Amino acid sequence: MCRIEGEIGMGRKILLITTDQQRYDALGCNGGAVARTPAIDALAAAGLNFHQARNQNTVCMPERATILTGQYINAHGVTSNGIPLPVDAPNLAAYLHDHGYRTALLGKAHFEPASHTDYFENWAATRGETGPHRGFDRMELCGHTGRPGRSLTHYPQWLRDNYAGEVDGFHEYTANGGPSGLGGGDTLAPQVWHNPIPRGHYHTDWTADRTIAFLDSLAEDEDWFVWMSFPDPHHPWDPPQSELSRVDWRDLDLPAGYPGSADRTADILRTKPRHWLEWFEGRGQFNFEVPADLVPANLTADQIREVNAMVHVENELIDDAVDRVVRHIDGLGWGADTDVFYTTDHGEFQGDFGMLFKGPYHVEGLMHLPFIWRPAPSAGIAPAEINAPVGHVDLAPTICAAAGLAVPDWMQGAPLPTDASSARGRERTITEWQDGFAGADITMRTLYRDGYICTAYEKTNYYEDGVGELYDLSDDPQQWRNLWDDPARQSLKSDLIADLYDNLPEGRDEPLEKVAQV
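Everything in the sequence shown is counted per this note's numbering, starting at 2 for the first residue and increasing by one.
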């Protein structure tokens, strides 16, 4: 039996909470000064807050597969969006289920392409099915809209069947990779919309409601693993209009990572590999997950402010929902024996470099994650601020260990440290990008170590060897000064690149097929 530091016993109940596209600095406990997140901050104060957590990929499907499997992207094979994780792939939920746990995923899954109707996630609701699937006894699913579309998950079907008049209040989600659609709100910012839906019918509250309903179905003595997965604050940014007074965009400062003008941004981006500036100026698109007609250079400061206000509102609604579910667990008498994990899959530019959305850009806004573990109080693990590098690949092994189970050999991460002593020896995280779009293939490998971000671009049809990025976060937290060609940093660069490739994890012999774009 594998155990982590501290008293870890059997019979622990496990709540995994994830959001989608949420920045590290979204939370008060991580320095966020706008959105009020007292419930999540309380989890951090009572538990372990990992301040140097980073993902292994910067878009949804690869990272969610890493969370579920405890493997790097080249091992589980989901190297980009649009590649379904094999249904028979070993995963955490199935492993816990096989050891007596009741399991559920409520909210966004995205282990299967959202734009391809051949997969369970996209037809289960229409057939009245909720599982079992992938080791989960129950799955009730939603995405980023209440509009029935090509893929009808449980939430839009519920909304259509019960409150049909509210469906059209959501943004006309024209899909990433398509037009930015109906810019709305006060500034016509892309994928911003004022949604008249009542607060209680929005997908954040629906996800919490479905989680509570599943918990209420369990026997008092059952062990359970529940993944509560909120679709927000991922775009489109269309929270209930009744909640917009929480944050007035007119009162917001521009983010620290906003250079101040398109000209100043272009000067910064000229020091980076060329796809940065080409995307900013609308001369190229390098991933499907952004609107095809978006030209970041044309975004106004007020549009960035309004997007940020919408995100802050959505983050507050998530915090309210977390509070409701955690209080419900306490009310059921399970609080002392329940581990709560909180994280996201990747971040969002939110105005850094004058940009929105995400893609093949290994910057802190997209890689650096909120990552909190409130161990079950009965475990006796003291609260701590942990500054050792950790990643999503470590989450599944930690949950196994908290459940009193051996960490299986197919997981590539390791249980999270619980104090400074157990954090010794953790030196690095690795993040990878391996995808192509519109004829431009980009492969990036990134090492975080000792406060440096080092990204090596591998040779493709778009880049030659020798291209890269190097940043010293201690004096350049915004990653505005690329030190890759700095003569004084060549020895350091060589050391970091060698460390990166010496520690690249093993992958599959054959790549998996990409069957859709997202």
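The C-beta atom is built at its ideal place from N, Cα and C for all residues, glycine as well. All values derive from a computational prediction rather than experimental measurement.
*Given that a residue counts as buried once 16 or more other Cβ atoms are within 10 Å of its Cβ, and exposed if not, what is valine 88?*
Position 87 of the sequence shown, counted from the start, is the residue given in the question as residue 88. Label assigned to valine 88: exposed.
*Coil, strand or helix - lysine 14 by DSSP*: Mapped onto the sequence shown, residue 14 falls at position 13. Lysine 14 falls in the strand class under three-state DSSP.
_Rounding to the nearest angstrom, what Cα-Cα distance links valine 248 and aspartate 99 in this structure?_
If you number the sequence shown from 1, residue 248 lands on position 247. If you number the sequence shown from 1, residue 99 lands on position 98. Straight-line Cα distance between these residues: approximately 45 angstroms.
_Does tyrosine 472 come out as helix, strand or coil in the three-state DSSP assignment?_
Working through the sequence shown from its first residue, we reach residue 472 at position 471. In the structure shown, tyrosine 472 sits in a strand (DSSP, three-state: E or B).
*Could you check how far apart the C-beta atoms of valine 364 and aspartate 353 are, in whole angstroms? I think they sit under 8 angstroms.*
As a first step, residue 364 is located in the sequence shown; it is residue number 363 there, counting from the start. As a first step, residue 353 is located in the sequence shown; it is residue number 352 there, counting from the start. With 8 angstroms as the limit, valine 364 and aspartate 353 qualify as a contact, their Cβ atoms being about 7 angstroms apart.
*If you draw a straight line from the C-alpha of isoleucine 5 to the C-alpha of isoleucine 74, how long is it?*
Position 4 of the sequence shown, counting from 1, holds the residue named residue 5. Position 73 of the sequence shown, counting from 1, holds the residue named residue 74. For isoleucine 5, the predicted structure reports a pLDDT of 37, less than 50, and the residue's modelled location is therefore unreliable. A value from the coordinates is still provided. Using only the alpha carbons, I get a separation of about 25 angstroms.
*asked:* So, with DSSP's three-state summary, where would you put methionine 229?
replied: As a working note, residue 229 is residue 228 in the sequence shown. It is a strand residue.
*Tell whether a beta-carbon distance below 7 angstroms holds between phenylalanine 281 and alanine 441.*
Counted from its first residue, the sequence shown places residue 281 at position 280. Counted from its first residue, the sequence shown places residue 441 at position 440. It is not a contact, given that the beta carbons lie outside the stated cut-off.
*In angstroms, rounded to a whole number, what distance separates the CA positions of tryptophan 411 and glutamine 72?*
Along the sequence shown, read from residue 1 onward, the residue named residue 411 stands at position 410. Along the sequence shown, read from residue 1 onward, the residue named residue 72 stands at position 71. So the two alpha carbons sit approximately 8 angstroms from each other.
*asked:* On the CB-based measure, 16 or more other CB atoms within 10 Å of its CB, does serine 475 come out buried or exposed?
replied: Here residue 475 corresponds to residue number 474 of the sequence shown, with the count starting at 1. Exposed, because fewer than 16 other Cβ atoms sit within 10 Å of the Cβ of serine 475.
*Which partner residues does histidine 347 have in the DSSP bridge list?*
Numbered from 1 along the sequence shown, position 346 holds the residue referred to as residue 347. Answer is none; histidine 347 lacks a bridge partner.
*Decide yes or no for the touch test of the stretch 445-463 against the stretch 492-502: beta carbon pairs closer than 8 angstroms, at least 3 of them.*
Touching, yes, given that three or more Cβ pairs across the two stretches are closer than 8 angstroms.
*Only counting runs of 3 or more residues, tell me where the beta strand (DSSP E) segments fall wholly within the stretch 419-477, in order along the chain.*
As far as the stretch 419-477 is concerned, its whole beta strand (DSSP E) runs of at least 3 residues are 429-438, 441-450, 453-458 and 468-473.
*DSSP three-state call for asparagine 163: helix, strand or coil?*
Translated into the one-based positions of the sequence shown, residue 163 becomes position 162. Asparagine 163: helix per DSSP, three-state reduction.
*Looking at the structure shown, is asparagine 196 part of a helix, part of a strand, or coil, going by DSSP?*
Here the question's residue 196 lines up with position 195 in the sequence shown. Asparagine 196 falls in the strand class under three-state DSSP.
_Let me confirm a value: methionine 2 is counted as buried when at least 16 other C-beta atoms fall within 10 Å, else exposed. Which label applies?_
Mapped onto the sequence shown, residue 2 falls at position 1. With a pLDDT of only 29 at methionine 2, under 50, the local geometry of the prediction cannot be trusted, and no value is derived from it.
_Residue from Ile84, Thr430, Leu93 and Ala115 with nearest C-alpha to isoleucine 400_ = On the sequence shown, residue 400 is found 399 positions in, with the first residue counted as 1. Minimum Cα distance to isoleucine 400 is reached at Leu93.
*Integer Cβ distance of threonine 80 from aspartate 436, believed to fall under 8 angstroms*: The residue labelled residue 80 in the question sits at position 79 within the sequence shown. The residue labelled residue 436 in the question sits at position 435 within the sequence shown. Yes, they are in contact, since the Cβ atoms of threonine 80 and aspartate 436 sit about 7 angstroms apart, within 8 angstroms.
_Let me check one thing: in DSSP terms, what residues is histidine 369 bridge-paired to?_
Position 368 of the sequence shown, counted from the first residue, corresponds to residue 369. According to DSSP, histidine 369 bridges with Arg55.
*CA-CA distance, isoleucine 387 and phenylalanine 342?*
Counted from its first residue, the sequence shown places residue 387 at position 386. Counted from its first residue, the sequence shown places residue 342 at position 341. Cα to Cα, the separation comes out at about 15 angstroms.
_Minimum C-alpha distance to threonine 127 - residue among Leu142, Gly426, His111 and Gly258_ = Against the sequence shown, residue 127 aligns to sequence position 126. Nearest of Leu142, Gly426, His111 and Gly258 to threonine 127, Cα basis: Leu142.
_Contact between the stretch 214-223 and the stretch 328-339 (3+ Cβ pairs under 8 angstroms)_ = yes
_So, does the stretch 198-216 touch the stretch 103-113, judging by three or more C-beta pairs under 8 angstroms?_
The answer is yes - the stretch 103-113 touches the stretch 198-216, with three or more Cβ pairs under 8 angstroms.
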